[in-house]
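Engineer: In the working numbering, each number is its position in the first sequence, counted from 1, plus 16.
Have a look at this one before I ask anything.
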Amino acid sequence: MPELPEVETTVRGIRPLVEGKRVREVVVRERRLRWPVTHGINRILSGKRILCVHRRAKYILIKFSHGTLMIHLGMSGQLLVVPKNVAPAKHDHVDIVLVGSKVLRFRDPRRFGSVLWVRGDPQVSPLLSKLGPEPFDEAFTGNLLFEVARGRRLAIKNLIMDGRIVVGVGNIYASEALFRAGIHPARAAGRVGLRRYQHLVQAIREVLADAIAAGGTSLRDYAGVTGEPGYFECSLKVYGRAGEPCVNCGGIIQHKVIGQRASYYCAHCQH
DNA sequence: CTTTACGCCTGACGGC
DNA sequence: TGCCGTCAGGCGTAAA
């Protein structure tokens with residue numbers, strides 16, 4: 017399930033392979049994704065040059081002179097760069113065929129992802145305009161979390177997963193960051209002090225940076241640009257480890273559904 | 001305004 | 001072996 021580190025890994029992987037390349041054609045085999053693939057995408061992109069590839073939150077932004085292709089990997093999406101002679105598989109929904117020998121291929125079995133064309137500045141598009149800061153942006157601080165949490169009773173785990181507060185903290189890394197920060201995931205956000213929020217910001221950055229450095233977590237669906245799985249999975253300290261001993265204290269890792277999401281924590285280490 | 005629930009979708013998994 | 005029910009999970013949207 018792609019989270020920010022997986023998306024960042026994908027961006028870094030495809031960037032040197034597609035930047036500066038011109039699009040030959042776009043082949044859409046299945047347009048029923050999260051939203052329908054933008055109509056006429058072949059006419060929009062054919063003959064145009066990819067200027068650069070960026071990430072904003074979990075969106076992959078492929079910039080052209082006349083607009084931006086916004087790709088979201090959803091739950092099970094992958095963006096691969098493959099030789100043209102590699103036949104599309106069952107869930108390979110969109111091929112961006114490049115001039116030369118390669119194809120930028122969007123694969124997504126569960127079709128929670130999206131492939132959308134945005135004219136002009138993508139930052140003002142509805143999907144991006146309300147997003148909070150990137151976790152590595154200096155605007156993301158313990159003070160920001162503390163202020164925005166004041167008086168709020170929702171679980172802190174839900175707060176840090178709210179893209180309007182900070183982007184890119186998905187379910188896996190929310191549990192991992194809270195474990196590192198020693199904060200119980202169900203604790204009311206308004207009942208966490210400034211110092212602990214500062215520690216949490218640090219923990220979020222650490223866990224994301226570690227995962228990016230490791231090439232992204234691989235649980236079920238993630239694979240790198242050429243198909244190899246990532247390998248951060250073994251670094252997860254609490255996620256998916258219910259019933260196993262805590263790496264810190266040896267206590268049993270707990271599982272609890274918080275805000276409709278599976279959450280993992282050590283009741284002894286996290287308060 | 002805040003908070004909660006839902007739905008989209010397929011593959012994996014467990015029970016029988 | 002195969003069929004079926006259940007569930008995960010990002011995240012926009014609707015509802016409370």
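Glycine residues also receive a C-beta, built at the ideal position from the N, C-alpha and C atoms.
From a predicted model like this one, the values you see are computed outputs, not experimental measurements.
Are there 16 or more other CB atoms within 10 angstroms of the CB of His55, so buried, or fewer, so exposed?
Structural biologist: Per the 10 Å Cβ criterion, exposed.
Engineer: From the DSSP output, which residues share a beta bridge with Tyr1?
Structural biologist: Residue 1 cannot be examined here, being either before or after the span of the chain that is shown, 17 to 287.
Engineer: Taking the beta carbon of Asp137 as the centre, do at least 16 other beta carbons fall within 10 Å, making it buried, or is it exposed?
Structural biologist: It counts as exposed.
Engineer: For Gly83 versus Val42, is the C-beta distance shorter than 7 Å?
Structural biologist: Cβ distance not < 7 Å, so Gly83 and Val42 don't count as in contact.
Engineer: How would you label Glu19, buried or exposed, when you count the other beta carbons within 10 angstroms and need 16 or more for buried?
Structural biologist: When all chains shown are included, Glu19 counts as buried.
Engineer: Should the segment 196-203 be called in touch with the segment 159-179, which here means at least 3 C-beta pairs below 8 Å?
Structural biologist: Judged by Cβ distances under 8 Å, the segment 196-203 makes contact with the segment 159-179, as three or more pairs qualify.
Engineer: Does the segment 159-169 touch the segment 209-221, meaning 3 or more C-beta pairs lie closer than 8 Å?
Structural biologist: With the cut-off at 8 Å, the segment 209-221 and the segment 159-169 touch.
Engineer: Thinking Ser92 and Pro52 are a contact (beta carbons under 8 Å), I'd like their distance in whole angstroms, please.
Structural biologist: 18 Å between Cβ atoms; not a contact.
Engineer: From which residue to which residue does the beta strand (DSSP E) around Asp111 run?
Structural biologist: Segment 108-114, the beta strand (DSSP E) holding Asp111.
Engineer: Quick one: using the 10 Å Cβ neighbour count with 16 as the cut-off for buried, is Glu260 buried or exposed?
Structural biologist: Answer is exposed; the Cβ neighbour count stays below 16.
Engineer: Please state if the CB of Ile269 and the CB of Tyr280 are separated by a distance shorter than 7 Å.
Structural biologist: Against a cut-off of 7 Å, the Cβ pair of Ile269 and Tyr280 comes out as a contact.
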